Structures are given as structure tokens and as C-alpha cells.
Amino acid sequence: MITTAILNVLIGFINWAVSLLPLVATDNPIATAIATGDHYIASVGQVFPIETLIEILSFVLVFDAAWILYQVVRWVYQKIPGIN
62 MITTAILNVL
72 IGFINWAVSL
82 LPLVATDNPI
92 ATAIATGDHY
102 IASVGQVFPI
112 ETLIEILSFV
122 LVFDAAWILY
132 QVVRWVYQKI
142 PGIN
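When you number the sequence shown by this note's numbering, it's gap-free, plus one each residue, and the end is 145.
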């Protein structure tokens, strides 16, 4: 019952945070820049593995973010009185 309440609060917070983000449009300048840059990445990608480097960088960033989240949760857990 407590776990359900905590998860409901967490999911509610995530839904609230996501609702603050603006709507996504594909005709914005950033999307246009990415679509234009694709041609340049394809020409460089023949010599230099751009996609592989982006995948490795993404994996490292996700792993680091998960590790930081783990450390924060552990720190909060240790701050609760009565828990060793």
C-alpha cells in the first residue's frame, strides 16, 4: 500500500513535469538543422564512424545518469532516520 502510494506520487510528478514541456513540432529550426546536417554526417561517415561514436556517447550518458540517480536514491535512503 505504501509502495503503491509512492509510485503514484512519482508517476504523477513525472506526468506533471512532462506536461510542462511544449508541444513538439517537426518544422522548427532545430529539426531542420538536424535534417540538413544528415547529408554532412553521411559524407563524413564514410571515413569516420559518426553513428558509432554517437551511440557510444549516448550509452555513456545514459549509464552516467543512471549511476547518479542510483547514488541520489542511496543518499536519500541513508538520510531516513532509523535505517542503517
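Don't be surprised by glycine CBs; every beta carbon is placed ideally from N, CA and C.
On a predicted model such as this, the values are computed, not experimentally measured, just so you know.
Taking the straight line between their C-alpha atoms, what separation do you get for Trp77 and Ala127?
Taking the sequence shown and counting its residues from 1, the one referred to as residue 77 is at position 16. Taking the sequence shown and counting its residues from 1, the one referred to as residue 127 is at position 66. The straight-line gap from Cα to Cα measures roughly 21 Å.
Between Ile111 and the rest of its own chain, which residues show a CB-CB distance below 7 Å, the 5 nearest in sequence each way excluded?
Along the sequence shown, read from residue 1 onward, the residue named residue 111 stands at position 50. Short of 7 Å from the beta carbon of Ile111, and not among the five residues preceding or following it, lie these beta carbons of its own chain, in chain order: Ile102, Val105.
Where does Pro142 fall in DSSP's three states?
As a first step, residue 142 is located in the sequence shown; it is residue number 81 there, counting from the start. Pro142: coil per DSSP, three-state reduction.
Rounding to the nearest angstrom, what Cα-Cα distance links Ile115 and Gly143 in this structure?
In the sequence shown, the residue the question calls residue 115 occupies position 54. In the sequence shown, the residue the question calls residue 143 occupies position 82. Whole-angstrom Cα-Cα distance: 44 Å.
To the nearest angstrom, how far is the alpha carbon of Met62 from that of Ile141?
Numbered from 1 along the sequence shown, position 1 holds the residue referred to as residue 62. Numbered from 1 along the sequence shown, position 80 holds the residue referred to as residue 141. Cα to Cα, Met62 sits roughly 19 Å from Ile141.
Whole angstroms is fine: what's the gap from Gln139's alpha carbon to Leu122's?
Position 78 of the sequence shown, counted from the start, is the residue given in the question as residue 139. Position 61 of the sequence shown, counted from the start, is the residue given in the question as residue 122. Spanning the two alpha carbons is a distance of roughly 26 Å.
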